[in-house]
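Take a look at the structure below.
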Amino acid sequence: MALKGNLTDFNVTQLFNLINLARKTGALTIEGKGKKADVCFKEGKLIYASMDGQDTGLIGMLEKAGKISQEQCRIIRARSKTNADKELGLLLINAGYVTQDDIVKSVRSHTLDVVYLLFTWTDGRFRFEPNKLPAEGVITVPINLENIIMEGSRRVKEYEMLQNELPDLDMALKFTERPDARLQDINLTVEEWRVISFINPRNAIRQIAKANSMSDFKIRRIVYGLLSAGLVDLVMPGGPQRITAESEAVSAPPPVKRSLIVRLIDRVKRM
Amino acid sequence: METVKVVVCGPFNSGKTEFISSISEIEVVSTERRITDGSRAVKDQTTVAMDFGRITVDEELVLHLFGTPGQKRFDFMWDILSEGMLGFVVLVDSARPETFREAKMILDRFGRYSPMPYVIAANKQDEEDAWPPDDLRIALKAPSDTKVLSCVATDRESVKNVLLELLYSILDSMHEE
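Going line by line, the protein sequences match chains U and Z. So for the first sequence, my numbering puts the first residue at -8; every next one is plus one. So for the second sequence, my numbering puts the first residue at 6; every next one is plus one.
Okay, structure coming up:
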């Protein structure tokens, strides 16, 4: 059964985490940003990745990594009767152009480049097909996903931090009322000024973004800067009410006896 | 007459009304209205106040089942409905991963009603694209000791099983008398 969805709902980090924890084997295809990427896993480990528009052959990877020259590429391609990477790899090693370690490192580097790029994709359809593996002849290098998830997460850290710091774009902004705030001696970018011009407790941040044709990421970054500088405060839209922690209402379970629950269980069983 | 309450919560269109209808001994009192926002493409009607079902145990004890509204703008109802509940069921549409994030938020929110037993029902397991309960557990970051149960809300036996598992969890959480 294929797992399907959209990155807007289940991002690359979550997907990789699922594949890692469930020790899945199969191929993940992601289509986003006008490109398509294929990533293969075996028992929860990343083994292969390719992306449309990139040279995914071994020769191209080694050339990109600086392991072989253009002349060596031309010679090997002329000698080879196949495009299978495994056979090309043997030819390259036998010719003394590269070592096995060079090949493994180059394939690994290429795979990671593709995968780290995927972490920046926030929108796109994905489909995981269990037990589907790369074509015969492709060189695979098993890589633990934990470190990839860590590094990928670091790369999107800024975006996530902004989301955490400013989770609700339906809040509004008002200029700070603190007497020590100096609003006159500050330098703002044009975009920050555009946001400033809309600051009003009646305008939700989301509305300000829409008015300025700004993405969620961009408005968050600007508003976070303004908040950090102490220039503005978050308020509920429509009034001067300050943001407060969400209701922490705790409703303890009613004092019931075990015998009551047992009676309920017996009743449901008899239904 | 003593009444006790179990709450069924979950994202919009996760199957809460069907879940309660399958097990309630009365016709579910549902205050559904036609949707006037963008959600209409998914479902023609949704719960704007609550679903209400009943299971009579005997002359002295009745279990009420409350379904929370499915749309975020009715979040304020959750606190009202949750008051005094024994535990809750989080219903998730296993075939719509786009709702998992909301399900997680609901889990987090209801998790504040602590200590409160709950189970996660991976609904619509009869659909081809349904995520298996084990994958759903990972997706929702549910703790390993949380029950994530296979469910088909239109199937009475399936709903019974979910409800029983919740009651067992409630029992396990109680001190010996």
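Every residue gets a Cβ at the ideal spot worked out from N, C-alpha and C, and that includes glycine.
**Study point:** Simplified DSSP state of E142(U), which is helix, strand or coil
**Key:** helix
Review point. Can you name the residues that DSSP bridges to S41(U)?
Key: D29(U)
Review point. Which of the three DSSP states, helix, strand or coil, is assigned to R65(U)?
Key: helix
Point to revise | Cβ contact check for the stretch 98 to 105 of chain Z and the stretch 16 to 34 of chain Z: 3 or more pairs under 8 Å | key: yes
Point to revise | Backbone CA spacing between D224(U) and L218(U) [nearest angstrom] | key: 6 Å
Review point. Counting pairs of Cβ atoms below 8 Å between the stretch 108 to 122 of chain U and the stretch 80 to 98 of chain U, do you hit three or more?
Key: no
Review point. Residues in its own chain within less than 8 Å of I175(Z) by CB, not counting five upstream and five downstream?
Key: L91, G92 and P122
Practice item. Report the rounded CA-to-CA distance for Y150(U) versus R261(U), giving the unit in angstroms. Key: 52 Å
Point to revise | Those residues which DSSP pairs with E120(U) across a bridge | key: A18(U)
Check your understanding: So F71(Z) is in the beta strand (DSSP E); what residue range does that whole segment cover?
Key -> L66 to G72
Check your understanding: Quick one, are the C-beta atoms of I60(Z) and R258(U) less than 8 Å apart?
Key -> yes
Exercise for review: Could you name the residues of chain Z that D0(U) contacts, counting a contact when the two beta carbons are closer than 7 Å?
Suggested key: P102, E103, F105 and R106
**Study point:** Buried or exposed by the 16-neighbour rule on C-beta atoms within 10 Å, applied to I31(Z)
**Key:** exposed
Point to revise | Reference V95(Z), options L154(Z), T8(Z) and I143(Z), closest by Cα | key: L154(Z)
**Study point:** Reference F166(U); option with closest CA among V186(U), I139(U), D159(U) and Q154(U)
**Key:** V186(U)
Check your understanding: Any beta-carbon of chain Z closer than 8 Å to the one on N135(U)?
Key -> no
**Study point:** From Y39(U), L(-6)(U), T16(U) and A28(U), residue whose alpha carbon lies closest to that of T131(U)
**Key:** Y39(U)
**Study point:** Cβ neighbour criterion (16 or more within 10 Å) applied to T41(Z)
**Key:** Since pLDDT at T41(Z) reaches only 48, below the 50 mark, its modelled position is unreliable, and the value read off the structure follows with that caveat. By the neighbour-count rule (16 or more Cβ atoms within 10 Å), T41(Z) is not buried but exposed.
Practice item. Please compile the residues from chain U whose C-beta is within a distance smaller than 8 Å of the C-beta of L172(Z). Key: I252, L255, I256 and V259
Exercise for review: Note the first and the last residue of the continuous beta strand (DSSP E) segment covering N11(U).
Suggested key: Unbroken run through N11(U) is the alpha helix (DSSP H), V3 to L12; no beta strand (DSSP E).
Exercise for review: Find the nearest neighbour of I111(Z) within the set G58(Z), F71(Z), V167(Z) and L145(Z), judged by alpha-carbon distance.
Suggested key: L145(Z)
Point to revise | Cβ-based neighbour list, V167(Z), same chain, cut-off 7 Å, excluding 5 preceding and 5 following | key: V94, V124, A126, L154 and C156
Review point. By DSSP, does D224(U) sit in helix, in strand, or in coil?
Key: strand
Check your understanding: Is DSSP giving E23(Z) helix, strand or coil here?
Key -> helix
Exercise for review: Output the boundary residues of the beta strand (DSSP E) element that contains K55(U).
Suggested key: Taken as a continuous stretch (DSSP letters only), K55(U) belongs to no beta strand (DSSP E), being part of the alpha helix (DSSP H) at L49 to K55.
**Study point:** Pairwise C-alpha distance: M(-8)(U) and I256(U)
**Key:** 35 Å
Practice item. Classify N18(Z) as helix, strand or coil using the three-state DSSP reduction. Key: coil
Review point. Which class does R59(Z) belong to by DSSP, given the choice of helix, strand or coil?
Key: strand
Practice item. Indicate whether the contact test is met: 3 or more Cβ pairs, each with one atom in the stretch 50 to 65 of chain U and one in the stretch 89 to 101 of chain U, closer than 8 Å. Key: yes
Check your understanding: Thinking C-beta only, is A200(U) closer than 8 Å to I210(U)?
Key -> yes
Practice item. Return helix, strand or coil for E137(U), following the three-state DSSP convention. Key: helix
**Study point:** Contact check, V106(U) vs A163(U), beta carbons under 8 Å
**Key:** no
Review point. Hey, out of G17(U), R193(U) and A202(U), whose CA is closest to P228(U)'s CA?
Key: R193(U)
Review point. Hey, does L68(Z) have any beta-carbon neighbour from chain B nearer than 8 Å?
Key: Although the question refers to chain B, the structure presented lacks it and instead comprises the protein chains U and Z.
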